[in-house]
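Take a look at the structure below.
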Amino acid sequence: MRPELDTEPGLPGRDSMTIPLALMRTMVVVAFAGLGVGFWFFQVAQHEKFAELAENNHQRTIALSAPRGAVFDRDGRRLIENRYSLNISLVREEVEDIDATIETLSDVAGVPLAALEAVIERHRRDPPYRPTVLIRDASLGQVAAVEAHAIELPGLFVQQLPTRHYPTNEVGAHLFGYVGEVSDAQLASDAFAGVRSGTVVGKSGIEQIYNQLLMGTDGARQVVVDSLGREIDTLGEELPLEGQQLQLTLDYDLQEAAEAAFEVAGFDGAAVVLDPRTGEVLVFASVPAYDPNAFAMGIDGETWGALNSDARLPLNNRALQNRYPPGSIFKIAMAVAALEEGIISSDFKVPCGGGGTFYGSYRQCHSSHGTVDLRTALEKSCNTYFYTLGEMMEIDHIHQWATALGVGELTGIDLPFEVGGVMPSTEWKREARGEPWYPGETISVAIGQGQVTVTPLSLAVMMATVANGGTRVTPHLLKAVNEGNGFVPVRRPVPRSEVELSPETLSAVTDGLWYVVNRAGTGRSSRIEGRDVIGKTGTAQVISLEGRKAAGEDDERFRDHGWFVFAAPAHAPEIAGVIFGEHNDGGSRSAPIAKHIMETYFAKQDGLPRPVLPLPSTPQVVPPVVPPVVVAATDQD
Amino acid sequence: MLERRLYRHIDWLLLGAVVVLCAIGVTMIYSTTHDPTAGAAGPQVRTQLGALALGFIAFAVLLLIDYRWLSDSWVTIFVGLLAMLAYVLLFGVVDGGAQRWIGLGLFNLQPSEFARIVVSLGLATVLYHRRWALQTPVGWLMVAGIVGAPALLIYQQPDLGAAVTLLPVAFAILLFAGLRLRYVAILVAVAILVAPVAWTYGLQDYQRQRISSFLDPELDPQGAGWQQRQARITVGSGGPLGKGFLQGTQSQYKFLPVAHNDFIFSVLAEEQGFLGVVFALGLYLFVILRGLDAARLAKDRLGRYLVVGIMSGFAFQVIYNIAMSAGLAPVKGLTLPLMSAGGTSVIATLAAFGLVLNVRMRRFTN
């Protein structure tokens, strides 16, 4: 028998049910209202935020690097190209235990664990979704090993990247430059507007100056990934656009000849050869060079350190980053200035007894030349003659004409980091030193010593200007650009300045320089039968004769630099240039390099086989172990 | 046998709402488990349909048997539950660090799912027969034993979630059985005092971690906070109208863990949006309020207690799971009754609704 009476007094019954039931109903309704508000908050009020989070969860944008444009020489030879390298990369956000992953990778790929740890450490602050390259330029064996262990190595993947390749290795290195990841400083500059961090850009040379043309446009692939990071679907793909191809004015045969000749000669230096009619650069070399391929995959610290601590300064571009006194090369500018100013005529004669007194101090000539005219003075490089001209002339007139030839000026070449030289004047002295010009200083300038300094490149321009009759052409490397429809020539840069040198001036200077090479002058080792080579040697003193004696004759660092400027053929020059020999003890030792370049040029023109270099007559110069002391600093003084 | 007049009193509206919720559940399970490349449904859909079939049989059985008859046999049933729970602890199937299941070949039975019904039945019977139970220590001991014994066994599995759901069941029945509000106040005070102790000694590491990651999901975005964070993203990205059936990126690309199970409501929210959420919430609210109606209409206190126990357990689990599915409550292995994939849950829930309808149907009989 069950108790049925629910309404028994004093006991919980039907009446006492109302309150708990109302309580329960209220609680349930309130809870559901709360849930409704909660879902409204997430789904309506904050929908945008969560929609973006969900999208970030499952969508990835994979950058597709654009290959940089290839670079060719004037004959269409491929100088810079691309190859595809395989990188093994890690996406950190997809890896739970990074230490274990790189340990496994170290095992299967045979890479030292410490190296991988260093890479992870270096990229610790990168966003976790960005791939970190653990092994650059992996071998096929390493790639196969990683793919075989894919399950134990989540978050690792193999990236195929276009990579710069320089088939000529060190030849032309300073001209081509190198590439690397864009630096923060570059990102901040206008020239790199729109470039993403991490992009490979030109860091030097052609690669830098024409970076915008060469770079191309990166593509991107939008993919859907699942929670394990596997690609499930491709939403869209924008293919990368290869950079534009460039054709240079460079003649690789001549470039190779120049660098080979330096190797045979056994000293460092620079060579710049132009077409004096146009300013096209045919040769641009700085020795020693580096291998730009070492930078293509991101240079490792060890190689970078070695390049920077190398006493021979292989990263230094001697052709346009360093200033040296022009020495006797400056006598060409003096001759032009004196003739054009009408101070002398070309048959003006000066007796040379081995020196003379100018402004109260005795100045030496290196020999006793007897009575010489301008032509002979150039041939013999007679100091007494040019001291006399210096005494007869105002420094500002010399400045005017030397500048017209390009001495001390920026040439405007399409390469980065060019420095200007110094061609002194009264104004320059006042501004730079706050002192008046003393006439005695003009005597030193007259033989290319004293305050006057130049880059090898600017002397090449000077020689080209003399050779073409007064047009200071702008040296340039870019000949044509291929945007995809074949090479289109680019407009030639306008000359920096133009004067018309008188026939008398040209005849006298040309004769003098012809004697230098074709008579008993200092440049005879550049003589080529039937080619009418003209030239002039010069010596840039590193230290005074007395100082050199004090330091010991044999100290490599104090040996003079030797210049040689040249052009050919004498009366209608097609080729003009400069050879700078670092600590090679004089311009006559630079002349054979010029000869080899010109011989190669003419042999090529006549369709003959390229000349073979003679074996070195002297053993190679032992590289100095301490940095060379140069008169002009490589930087701003 | 089901007499014609009883048949007329079946709550078809409640039954209809339950069927619609089950159908939504199956659809969402299909969405999260189908294989897009093969175009085939996942095996969970078939299992769920099978469980639903068994569930409706259980529903029918518990509808047809007079609940008073079940009440008379409550001791047998209670002992049977304890035996099953003990068996689970000794010989159960271990999965994910917990021992909760009895292997039955075709599927695994989770006895703890039945605990709510059995505890409701036990408490209802005892409090019905001993009106003064709550005034005597013996009565309290019996209440404590009926709730405590299965709760302890379930807690040992460990399955804190399932053990905790017994508390609202007991609390609701005691409230209807005349529990003084004074005692409620004492209980709350004790709970507050015990909480720090329970935190230190009563919870497993993973439970503590879940609670702390609930309070600050950014604390451990890859670990315990992950599910909760992903749940919020899933729900929030659904927006007002949803991404569409099979279009939920969070669930389809497996960013949402155990989507077909504990987080089925998140999937609904992602694919059907706030609109779908409101619809489903409305259905659940209707089911709960309509179920509580049966308590009001019940012929005797036995039926009332039984319905109140079952419905409060159901309501608690629904509310907790839905809150959790939006990252509004710590992640706990509680399924969403009627919708989540889970054989035993479906069978037990439908069986429980069989009892609720049973009580309502028999309100005029003697």
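Chains A and B, in that order, give the protein sequences.
Counting in our numbering, the first sequence runs from 403 upward without gaps.
Counting in our numbering, the second sequence runs from 61 upward without gaps.
Note that CB positions come from ideal geometry on N, CA and C, so glycine has one too.
- Query: Hey, is A:V497's beta-carbon within less than 8 Å of any beta-carbon in chain B?
  - Reply: no
- Query: In chain order, which continuous runs of the alpha helix (DSSP H) of length 4 or greater are located wholly inside the segment 72-133 of chain B?
  - Reply: 72-93, 103-124, 127-132
- Query: Any Cβ of chain B within less than 8 Å of the Cβ of A:P556?
  - Reply: no
- Determine contact between the segment 908-925 of chain A and the segment 979-998 of chain A, defined as no fewer than three beta-carbon pairs at a distance below 8 Å. yes
- Nearest CA to the CA of B:A412: which residue from B:Q307, B:I162, B:V148, B:G373? B:G373
- Less than 8 Å separating the beta-carbons of A:P841 and A:T828? no
- Item | Residue range of the unbroken beta strand (DSSP E) whose run includes B:P228 | In the DSSP assignment, B:P228 falls outside any beta strand (DSSP E) and lies within the alpha helix (DSSP H) extending over 226-236.
- Task: Enumerate in chain order the residues of its own chain whose CB-to-CB distance from A:S770 is below 8 Å, with the five nearest sequence positions on each side excluded.
- Result: Only C754, G755, G756 meet the Cβ criterion.
- Task: Count the other CB atoms, across all protein chains shown, that sit within 10 Å of the CB of A:N920; report buried if there are 16 or more and exposed otherwise.
- Result: Under this definition A:N920 is a buried residue.
- Query: What separation, rounded to the nearest whole angstrom, lies between the Cα atoms of B:G110 and B:F305?
  - Reply: 23 Å
- Item | Proximity winner among B:S385, B:T404, B:V416, B:F424, relative to B:R160 (alpha-carbon distances) | The option with the nearest alpha carbon to B:R160 is B:T404.
- Which of helix, strand or coil does DSSP assign to A:Y726? strand
- Message: Looking at A:G814: is its Cβ nearer than 8 Å to the Cβ of A:R898?
- Response: Cβ atoms of A:G814 and A:R898: closer than 8 Å.
- Message: For the alpha helix (DSSP H) containing B:I348, name the first residue and the last one.
- Response: 324-357
- Which of helix, strand or coil does DSSP assign to A:K881? strand
- Using three-state DSSP, classify B:R64 as helix, strand or coil. helix
- Message: Please tell me whether A:M617 has its Cβ less than 8 Å away from any Cβ of chain B.
- Response: For A:M617, the nearest beta carbon of chain B is not closer than 8 Å to its own beta carbon.
- Check the Cβ of B:K392 against every Cβ in chain A and list those closer than 8 Å, keeping chain order. Those do not exist, as B:K392 stays about 16 Å from chain A at its closest Cβ, beyond 8 Å.
- Item | Own chain partners of B:L142 with C-beta closer than 8 Å, once the 5 adjacent residues on each side are dropped | Closer than 8 Å at Cβ, skipping near neighbours: A209, P210, L213.
- Message: Using a Cβ-Cβ cutoff of less than 7 Å, which residues in the same chain neighbour B:P300 once the five nearest sequence positions on both sides are dropped?
- Response: G333, F334, L335
- Item | Under 9 Å by beta carbon: chain B residues contacting A:V432 | Within chain B, no residue comes near A:V432; the closest Cβ sits about 10 Å away, beyond 9 Å.
- Message: Out of A:H985, A:T939, A:W965, A:I981, which one is the CA nearest neighbour of A:E958?
- Response: Of the candidates A:H985, A:T939, A:W965, A:I981, the one whose C-alpha sits nearest the C-alpha of A:E958 is A:H985.
- Query: DSSP beta-bridge partners for B:D155?
  - Reply: Note: B:D155 sits in a beta bridge opposite B:A158.
- Query: With a cut-off of 8 Å, does the C-beta of A:K881 fall near any C-beta of chain B?
  - Reply: no
- Item | A:V560 - partner residues in DSSP beta bridges | A:I490
- Listed by chain order, chain B residues near A:L492 by CB distance under 7 Å: Going along chain B, no residue has its Cβ under 7 Å from A:L492, so there is no contact; the nearest lies around 16 Å.
- A:A660 beta carbon less than 8 Å from that of A:E572: no
- Query: In this structure, does DSSP put A:V674 in helix, strand or coil?
  - Reply: strand
- Query: Which residue from B:Q269, B:N418, B:A98 puts its Cα closest to that of B:L130?
  - Reply: B:N418
- Give the secondary structure of B:G403 by DSSP, where H, G and I count as helix, E and B as strand, and everything else as coil. helix
- Query: Got a sec: is the Cβ-Cβ distance from B:P397 to anything in chain A below 8 Å?
  - Reply: no
- Query: If the cut is a Cβ gap below 8 Å, which residues of chain B does A:I634 touch?
  - Reply: Neighbours of A:I634 on chain B, chain order: Y313.
- Contact check, A:D934 vs A:A972 under 8 Å by CB: the rounded distance? 4 Å
- Message: I need the boundaries of the alpha helix (DSSP H) containing B:P210, first residue and last residue.
- Response: 197-215
- Distance, Cα to Cα, B:L241 vs A:I421? 11 Å
- Message: Does A:P728 pass the burial test, meaning 16 or more other C-beta atoms within 10 Å, or should it be called exposed?
- Response: buried
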